[in-house]
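Here the sequence shown is numbered in the numbering used here, starting from 16 and rising by one per residue. Every residue gets a Cβ at the ideal spot worked out from N, C-alpha and C, and that includes glycine. Keep in mind the model is a prediction, meaning the values are calculated, not measured.
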Amino acid sequence: MNCGEPMQAIVLAGGKSTRMGRDKSLMEVNGRSLIRITLERLIETGHSKIVVYSADKSQTSRQADSIGNISGRITWRQDPSPYNGVIESLRHAMMNEEFDSDRPLQISPVDTPDLNPDIYAKLRRSLLPNVDVVVPISSVIHPLHALVRITPFLEALDTLGGPIASQIKSMRWRGIQTKDHYLRNLNSPADV
16 MNCGEPMQAI
26 VLAGGKSTRM
36 GRDKSLMEVN
46 GRSLIRITLE
56 RLIETGHSKI
66 VVYSADKSQT
76 SRQADSIGNI
86 SGRITWRQDP
96 SPYNGVIESL
106 RHAMMNEEFD
116 SDRPLQISPV
126 DTPDLNPDIY
136 AKLRRSLLPN
146 VDVVVPISSV
156 IHPLHALVRI
166 TPFLEALDTL
176 GGPIASQIKS
186 MRWRGIQTKD
196 HYLRNLNSPA
206 DV
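In structure tokens, the structure reads:
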């Protein structure tokens with residue numbers, strides 16, 4: 016299932032995984048690493064430019080080794096200030112990567128193996144001219160699965176402005192209802 020026009024995405028894969036006790040991106044579900052599951056889903060849905068942000072070269076190497084022979088336009092980058100938070104990583108990536116600012120950018124974490132790929136087309140259809148951010152909503156808002164217009168999102172995103180979910184609610188945003196199960200993220204061994 017392809018979303019139509021070429022899409023671009025950033026994969027946030029450089030977290031500490033403190034609660035999990037090991038690198039979540041390398042954990043396997045049904046014989047595939049979480050980073051592989053995420054990349055396959057993005058490529059399958061037409062994301063032709065994908066930037067993976069990891070913490071350092073060692074993590075990047077391990078992640079690249081874990082994806083097998085996936086083909087697609089994947090660029091690996093190390094976060095210049097790893098472990099300083101999602102907002103800092105997003106701001107740096109959006110300011111320093113060669114994303115097409117005229118096209119929406121899909122944000123994706125690596126820890127949601129059950130995400131239905133149809134979500135990307137739903138987000139895309141909901142990104143109307145008067146909307147800058149579309150996020151899935153279940154019982155809560157899921158900002159790390161947002162589809163954003165780069166320039167207005169970057170202008171509104173403040174490193175000191177509090178949690179990203181709260182900041183999105185002050186932007187021109189729209190939520191789309193999604194089942195909790197699809198957005199289940201793996202944070203601790205009990206979640207696996």
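When you compare each of the options to residue i by their alpha carbons, which one comes out closest?
{"i": "R14", "options": "I89, E112, V26, S141", "result": "The requested residue 14 does not occur in the structure, where the chain is confined to residues 16 to 207."}
{"i": "K72", "options": "G190, P95, Y197", "result": "P95"}
{"i": "K194", "options": "V125, V67, L130", "result": "L130"}
{"i": "W91", "options": "I191, L27, Y98", "result": "L27"}
{"i": "H157", "options": "S76, Q182, L169", "result": "Q182"}
{"i": "R199", "options": "I152, E170, I191, K184", "result": "I152"}
{"i": "R56", "options": "Y135, E113, E112", "result": "Y135"}
{"i": "A161", "options": "V150, E170, L169", "result": "V150"}
{"i": "H107", "options": "V66, R77, S76", "result": "V66"}
{"i": "R189", "options": "Q93, E112, N145, E113", "result": "N145"}
{"i": "Y197", "options": "G29, P132, E113", "result": "P132"}
May I ask you to list the residues that DSSP assigns as paired with residue i?
{"i": "V146", "result": "None; V146 has no bridge partner."}
{"i": "S29", "result": "Looking at the sequence provided, one finds Gly at residue 29 rather than Ser. According to DSSP, G29 bridges with nothing at all."}
{"i": "G190", "result": "V150"}
{"i": "M22", "result": "H62"}
{"i": "P124", "result": "L27"}
{"i": "V163", "result": "L120, V148"}
{"i": "D90", "result": "This sequence places Thr at residue 90; Asp is not what is there. T90 pairs with V66."}
{"i": "I156", "result": "I152"}
Let me confirm a value: residue i is counted as buried when at least 16 other C-beta atoms fall within 10 Å, else exposed. Which label applies?
{"i": "Q74", "result": "buried"}
{"i": "V155", "result": "exposed"}
{"i": "I39", "result": "The sequence shown places Lys at residue 39, not Ile. By the neighbour-count rule (16 or more Cβ atoms within 10 Å), K39 is buried."}
{"i": "M110", "result": "exposed"}
{"i": "N17", "result": "Low confidence applies here, because N17 scores a pLDDT of 48, under 50, leaving its location unreliable; read the following figure in that light. The residue is exposed, with fewer than 16 neighbouring Cβ atoms inside 10 Å."}
{"i": "D147", "result": "buried"}
{"i": "V44", "result": "exposed"}
{"i": "Y208", "result": "Residue 208 cannot be examined here, being either before or after the span of the chain that is shown, 16 to 207."}
{"i": "L138", "result": "buried"}
{"i": "D126", "result": "buried"}
{"i": "G46", "result": "exposed"}
{"i": "S69", "result": "buried"}
Just to check my reading of the structure: residue i and residue j have Cβ atoms closer than 8 Å, yes? What is that Cβ distance to the nearest angstrom?
{"i": "P128", "j": "L159", "result": "Not a contact, Cβ separation roughly 14 Å."}
{"i": "L54", "j": "I85", "result": "6 Å"}
### Query
Three or more beta-carbon pairs under 8 Å between the region 20–28 and the region 56–64, yes or no?
yes
### Query
How do the region 45–54 and the region 76–96 stand: do at least 3 beta-carbon pairs fall below 8 Å, yes or no?
yes
### Message
Below 8 Å, how does it come out for the region 97–104 and the region 171–187: are there three or more Cβ pairs, yes or no?
### Response
yes
### Query
For the 8 Å Cβ check, are there 3 or more pairs between the region 117–131 and the region 157–172?
Counting C-beta pairs with one atom in each stretch, the region 117–131 and the region 157–172 have three or more that are closer than 8 Å, which means they touch.
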